[in-house]
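*Asks:* Chains as they are written, first to last, in my numbering: chain A, 1 to 405; chain B, 1 to 423. Positions of the beta carbon are idealized from the N, C-alpha and C atoms, including for glycine. All of these numbers come straight from a predicted model, not from anything done at the bench.
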Amino acid sequence: MVLPLKLLFQLSVRNIFRHKRRNGMLLAAIVVAVGAVVCTSSLIRGFQYDMADAAVANLTGHVKILAPGYLDDPNIGKSFELAETWRPDVADEELAGWAARVRVPAVIMSERGTRGVQFVGIDPAQEHISFIGSVAVEGEHLADASDGRILVGRALAEQLETGAGRRLVIITQGHDGLNRESGFRIAGLYDAEGTGLEKMFVFTGVDTLQKMVGADVYTEISIRLRRDPVLFQLKASLVEFFTGLDVLNWQELEPQAAAMFVFADSAFFIWYFIMMGALVFGLVNTLVTSVMERVRELGMLRALGMRSRGVVAQVVLESSVLMLIGVAIGIATGWLAVLSMGDGIDLTQWAEGIEAFGMRGKLVPVPLADDIVLIGLMSVVLGVVASLYPALRIVRIKPLEALRR
Amino acid sequence: MAEAAVAAGGRGARAGRPLLPAVAWRNLWRNGRRTWLTAGGIAFTVFLIVFSMSFQRGAYVQMIDNATALLSGHLQIQNRHYVEDKRVEQTVADVSRLVNRLEGQPGVESVAPRVEAFALVSAGERAFGAQVLGVDPERERRTVRFFDRVAEGRMIEGMTDAVVGEVLASNLGIGVGGEIVLLGTGKEGGVAALALDVVGVFRTGIPDLDRAMVAAPLAMVRDAFGLGDEAHTLVVRSAEVTESARLERQLDDWLPAPLIARNWDEVMPDIRQGIEIDRIGGYFVYGLIAIVVIFSVVNSFIMTVFERTREFGMLRAIGMRPGRIVLMVQIEAAFVWVLGAAIGLALALPIVLWLQVYGFYLGDEVASMVESMYVPARLHTRMTPVALGLAPAVMLVGTQIAALIPSLKIRRLQPVTALRAEE
Chain A
1 MVLPLKLLFQ LSVRNIFRHK RRNGMLLAAI VVAVGAVVCT SSLIRGFQYD MADAAVANLT
61 GHVKILAPGY LDDPNIGKSF ELAETWRPDV ADEELAGWAA RVRVPAVIMS ERGTRGVQFV
121 GIDPAQEHIS FIGSVAVEGE HLADASDGRI LVGRALAEQL ETGAGRRLVI ITQGHDGLNR
181 ESGFRIAGLY DAEGTGLEKM FVFTGVDTLQ KMVGADVYTE ISIRLRRDPV LFQLKASLVE
241 FFTGLDVLNW QELEPQAAAM FVFADSAFFI WYFIMMGALV FGLVNTLVTS VMERVRELGM
301 LRALGMRSRG VVAQVVLESS VLMLIGVAIG IATGWLAVLS MGDGIDLTQW AEGIEAFGMR
361 GKLVPVPLAD DIVLIGLMSV VLGVVASLYP ALRIVRIKPL EALRR
Chain B
1 MAEAAVAAGG RGARAGRPLL PAVAWRNLWR NGRRTWLTAG GIAFTVFLIV FSMSFQRGAY
61 VQMIDNATAL LSGHLQIQNR HYVEDKRVEQ TVADVSRLVN RLEGQPGVES VAPRVEAFAL
121 VSAGERAFGA QVLGVDPERE RRTVRFFDRV AEGRMIEGMT DAVVGEVLAS NLGIGVGGEI
181 VLLGTGKEGG VAALALDVVG VFRTGIPDLD RAMVAAPLAM VRDAFGLGDE AHTLVVRSAE
241 VTESARLERQ LDDWLPAPLI ARNWDEVMPD IRQGIEIDRI GGYFVYGLIA IVVIFSVVNS
301 FIMTVFERTR EFGMLRAIGM RPGRIVLMVQ IEAAFVWVLG AAIGLALALP IVLWLQVYGF
361 YLGDEVASMV ESMYVPARLH TRMTPVALGL APAVMLVGTQ IAALIPSLKI RRLQPVTALR
421 AEE
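1. Using 10 angstroms around the beta-carbon of B:A39, count the other beta-carbons present and answer buried if the total reaches 16, otherwise exposed.
2. Count the other CB atoms within 10 Å of the CB of A:Q233; is the residue buried (16 or more) or exposed (fewer)?
3. B:V108 and B:R237 - do their beta-carbons sit closer together than 9 Å?
4. Closer than 7 Å, Cβ to any Cβ of chain B: which residues of the stretch 92-106 of chain A, in chain order?
5. Report the residues of the stretch 326-357 of chain A with a CB closer than 8 Å to any CB of chain B, ordered along the chain.
6. Hey, out of A:S340, A:A57, A:F273, whose CA is closest to A:Q375's CA?
7. Give me the subset of the stretch 199-210 of chain B whose CB atoms are less than 8 Å from a CB atom of chain A, sorted by chain position.
8. On the criterion of 16 or more Cβ atoms from any shown chain inside 10 Å, does A:D176 qualify as buried, or is it exposed?
9. For the alpha helix (DSSP H) containing B:F44, name the first residue and the last one.
10. Would A:A28 pass as an interface residue toward chain B - the criterion being a Cβ-Cβ separation below 9 Å?
11. Interface residues of chain B around A:L178 at Cβ under 7 Å?
12. Given that A:R22 touches chain B, what residues does it touch there, using C-beta distances under 8 Å?
13. If you follow the beta strand (DSSP E) that B:D197 is in, where does it begin and where does it stop?
14. Given this structure, state the Cα-to-Cα distance separating B:G175 from B:A216, to the nearest angstrom.
15. With DSSP run on the structure shown, which of helix, strand or coil describes A:G299?
16. By the 10 Å Cβ neighbour count, where 16 or more other Cβ atoms means buried, how is B:E125 classified, buried or exposed?
17. Opposite A:R103 in the DSSP bridges: which residues?
18. Which of the three DSSP states, helix, strand or coil, is assigned to A:Y70?
19. Please determine, among A:C39, A:R45, A:L7, A:L27, the residue with the shortest C-alpha to C-alpha distance to A:M359.
20. Report the residue from A:L5, A:G35, A:L11, A:H19 whose alpha carbon sits nearest the alpha carbon of A:T333.
21. Note down the Cα distance separating A:M378 from A:E193, rounded to an integer number of angstroms.
22. What is the DSSP secondary structure of B:P137, reduced to helix, strand or coil?
23. I'd like to check one pair, B:A341 with B:L288: are the Cβ atoms closer than 9 Å?
24. Do A:D246 and A:Y49 come within 9 Å of each other at the CB atom, strictly closer than that value?
25. Which one of B:A403, B:V267, B:A418 has the shortest CA to CA distance from A:E352?
26. So B:R114 packs on B:V135, CB below 8 Å; how close in whole Å?
27. Take A:A215 as the anchor and find which of A:L26, A:V63, A:L189, A:V104 has the nearest alpha-carbon.
28. Can you give the beta carbon distance from A:G174 to A:R180, rounded, assuming they're within the 8 Å contact cut?
29. Any idea which residues DSSP pairs A:L225 with across the strands?
30. With which residues is B:R378 paired in a DSSP beta bridge?
31. Could you give the first and the last residue of the continuous beta strand (DSSP E) run that contains A:R407?
32. DSSP beta-bridge partners for B:P113?
33. Taking only the alpha-carbon atoms, compute the straight-line gap between B:G205 and A:N58 and give it to the nearest angstrom.
34. Does A:N15 have its Cβ less than 9 Å from a Cβ in chain B?
35. From the DSSP output, in three-state form, read off A:L347 for me.
36. Sorry if obvious, but does the Cβ on B:V292 come closer than 8 Å to a heavy atom of the ligand ADP?
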């Protein structure tokens, strides 16, 4: 006797409803497990993307072109010239933007204090690809590439006890190796959410800085893409174009962030399997009971000619249906939890502690469709695997024995 | 079956054992598979939480130890105004007397006075801004391990010696044997200038230190910046880092007016916050795992109680009070918990204790990732009463509640209808 699938399905569903309390409780466990995984995995993704984004926005870009040796010894001697007409060889729809900069170590002084900083010459029109293009500025932002004023981080300004409109003196090494000293007026103070960036970078127009160091050169080109996949192809074309220069991608420039990015991927799977490990004991327990109390009933079906395969199919189907319902409600619950977090969990209370992990003040959950589908599929597979043990156990009992129980 | 259980209980009672626990214990083995699966879930939770909590505790202790031992010490004594606004004139006065008196304080192991200033450090044509520390090498060695990090060359000995951070040295294009000039602003606003010989290069793994710090003899830096018997920070080492919070309060009461003692967690809020957020995240995860497992324990007891409706009806019919039956089920739950917790601990303890002694290597990638948070590459777990006891305690409460949910039904049981229930 081969039961049609539809009948098998009906049997499974009815069996589930025979024990509402028990299966309801099992369902609750599945919902909590799946919901927790969906919710936390989107937080893990949120952390991962925020961190990568911060690393890329931190004047890094997806790909960066540098003079050889600049990373070990950043100074204006390690620079290169760039033709006015140069554009990255990337299709417009792939390219988020690019920026050519001069970045040199410098000492900045007010009448109140002295600090060491990175002095960066930028073209503000190109900087929508980095954090400085989107920060809030008290006072004015730089107007263009020939702006002769400077943009200073709020935290640095506090240390130097200065403010917008005031003057600071900056000393840096010129292209000829001699130190140059020059006074600058502060256009505005930028607010990088209290991160270390505020103390690290001081900005001015790129033309201004080139004039100060006395050479029409750049120290870096930073390129940002819309998506990662074109990265390798782009890097190859750049290596060819900029012979003799270093072409590096963000993983090479920010190895700590790249390692953390990979680690977050495994954290997702570790967390999933721990949660499902916790669930599996209860799942098997319930399935075994539900099968064993039907020993007589299943024995009868087999005595009437149902194949062992049919019995196994029925048990597996029952478990899968339970799992499917649980997964559906679980995903919905997880999704609601993600929605309830709105625009993120405020972590500014721990701002200094999380900065070491490359995170910013807010943890915004990023639910990925791929992850959720994967969680759903793996959970249903788990349901099938968990039901194999009780199913195979029951077909090992001979129909006659089963009927006598 | 029920008769057997009661009879068994009776025998147990005759042998001098309390009746209910004996019956409960036998009941567990009427469905051994279920008992083992339920206990397995509890064991899984206990194992996982005990292991990860010991792991976290170990990491925290080593983080705090590394972070305090590197440079900043267990406690710092500073002028209150210097904490708010790091100006060179906001000093601790009369340092030599204060250091001597401090060392007489109970709980203080050693004290190292430091002058801190910002200066332009130049070598040849290159110049970078950096933090300058004026240190007493003898006292520093007793207080922190900073000088162990001198990777190249040696520690400060002579009066014109200086050690510089690895990145700063390479940015300046110098190594051991090089000469540097420090230029800063002195206490009275005059120029502070100092020429030093680089005798060592240190590598701490902390970007701020490696990139922008120079250490030189205390007397030289004081002289250059126009300071007398003064310092900006007195770094204090207590006997144990766990003692430092208590010592902070003790010193705060004792110190004269503008001076305050600051515990390491105020000096390095990033470490405290990092630990806090990791701890919160941990409890969140453990809570979820415990909830999922407790649900399945509830389920297991729903099934047990349901299957035994007839049996309970009969026990009621022969005169057992419902409270006793509920108690019996609670004892069964306690036994399942004992099994689960024992297995979980039996699995976790050897691993945790082994790793507490020998530690394990995190791997280069992870190590480089956490280096700046002072987490060592070789981690040792740490068994604490909380790490050991929390998970079993939570699961005990959880299993008791789990068993109570279905067994409350027993109170409403009508013996006659119960006896008619299908088996």
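*Replies:* In terms of the structure at hand:
1. Taking the first residue of the second sequence as position 1, residue 39 of chain B is located at position 39. Answer is buried; the Cβ neighbour count reaches 16.
2. Taking the first sequence and counting its residues from 1, one reaches residue 233 of chain A at position 233. A:Q233 comes out exposed.
3. Residue 237 of chain B sits at position 237 when you count from the first residue of the second sequence. Residue 108 of chain B sits at position 108 when you count from the first residue of the second sequence. Result yes, Cβ atoms of B:R237 and B:V108 sit closer than 9 Å.
4. Residues of the stretch 92-106 of chain A with a C-beta less than 7 Å from any C-beta of chain B: P105, listed in chain order.
5. L347, Q349, W350, A351, E352, G353, I354, E355, A356, F357
6. The count along the first sequence starts at 1 and reaches residue 375 of chain A at position 375. In the sequence as displayed, the identity of residue 375 of chain A is Ile instead of Gln. Here the closest residue by C-alpha is A:F273.
7. none
8. Indexing the first sequence from 1 puts residue 176 of chain A at position 176. By the 10 Å Cβ count, A:D176 comes out exposed.
9. Taking the first residue of the second sequence as 1, we reach residue 44 of chain B at position 44. 32-67 is the extent of the alpha helix (DSSP H) around B:F44.
10. In the first sequence, residue 28 of chain A corresponds to position 28, counting from 1. A:A28 counts as touching chain B.
11. Along the first sequence, read from residue 1 onward, the residue named residue 178 of chain A stands at position 178. Correct list: E125.
12. Here residue 22 of chain A is taken as the residue at index 22 of the first sequence, counted from 1. Those are N299, I302, M303, F306, listed as they occur along chain B.
13. For the purposes of this step, residue 197 of chain B is identified with residue 197 of the second sequence, where counting begins at 1. From DSSP, the beta strand (DSSP E) with B:D197 extends over 191-202.
14. By one-based count along the second sequence, residue 175 of chain B stands at place 175. By one-based count along the second sequence, residue 216 of chain B stands at place 216. Taking the straight line joining both Cα atoms gives about 16 Å.
15. The residue labelled residue 299 of chain A in the question sits at position 299 within the first sequence. In this structure, A:G299 counts as helix in the three-state DSSP scheme.
16. Position 125 of the second sequence, counted from the first residue, corresponds to residue 125 of chain B. Exposed.
17. By one-based count along the first sequence, residue 103 of chain A stands at place 103. Note: A:R103 sits in a beta bridge opposite A:V120.
18. Along the first sequence, read from residue 1 onward, the residue named residue 70 of chain A stands at position 70. In the structure shown, A:Y70 sits in coil (DSSP, three-state: anything other than H, G, I, E or B).
19. Position 359 of the first sequence, counted from the start, is the residue given in the question as residue 359 of chain A. Here the closest residue by C-alpha is A:R45.
20. For the purposes of this step, residue 333 of chain A is taken as residue 333 along the first sequence, with counting starting at 1. Considering only alpha carbons, the answer is A:G35.
21. In the first sequence, the residue the question calls residue 378 of chain A occupies position 378. In the first sequence, the residue the question calls residue 193 of chain A occupies position 193. A:M378 and A:E193: Cα-Cα distance of roughly 39 Å.
22. Position 137 of the second sequence, counted from the first residue, corresponds to residue 137 of chain B. Residue state, collapsed to three classes: helix.
23. Here residue 288 of chain B refers to the residue found at position 288 when the second sequence is read from its first residue. Here residue 341 of chain B refers to the residue found at position 341 when the second sequence is read from its first residue. No, the pair does not count as a contact, with Cβ atoms beyond the cut-off.
24. Residue numbering aside, residue 49 of chain A sits at position 49 when the first sequence is read from its first letter. Residue numbering aside, residue 246 of chain A sits at position 246 when the first sequence is read from its first letter. Cβ distance not < 9 Å, so A:Y49 and A:D246 don't count as in contact.
25. Within the first sequence, the letter at position 352 stands for residue 352 of chain A. Answer by Cα proximity: B:V267.
26. The residue you call residue 114 of chain B lines up with position 114 of the second sequence. The residue you call residue 135 of chain B lines up with position 135 of the second sequence. Going by Cβ atoms, the distance from B:R114 to B:V135 rounds to 6 Å, so yes, they are a contact pair.
27. In the first sequence, counting from the first residue as 1, residue 215 of chain A sits at position 215. Among A:L26, A:V63, A:L189, A:V104, the Cα nearest to that of A:A215 belongs to A:V104.
28. As a first step, residue 174 of chain A is located in the first sequence; it is residue number 174 there, counting from the start. As a first step, residue 180 of chain A is located in the first sequence; it is residue number 180 there, counting from the start. That belief holds up - the Cβ atoms of A:G174 and A:R180 are roughly 5 Å apart, short of 8 Å.
29. Residue mapping note: residue 225 of chain A aligns to position 225 of the first sequence, counting from 1. A:L225 pairs with A:L95.
30. Translated into positions along the second sequence, residue 378 of chain B becomes position 378. The partner list for B:R378 (beta bridge, DSSP) reads B:Y361.
31. Nothing can be reported for residue 407 of chain A: it is not among the residues displayed for chain A, which extend from 1 to 405.
32. On the second sequence, residue 113 of chain B is found 113 positions in, with the first residue counted as 1. Bridge partners of B:P113: B:L234.
33. Counted from its first residue, the second sequence places residue 205 of chain B at position 205. Counted from its first residue, the first sequence places residue 58 of chain A at position 58. Using only the alpha carbons, I get a separation of about 20 Å.
34. Reading the first sequence from its first residue, position 15 is the one you call residue 15 of chain A. Not one chain B Cβ lies under 9 Å of A:N15.
35. On the first sequence, position 347 is the one that residue 347 of chain A refers to. In this structure, A:L347 counts as coil in the three-state DSSP scheme.
36. This structure does not include the ligand ADP; it has no bound ligands of any sort.
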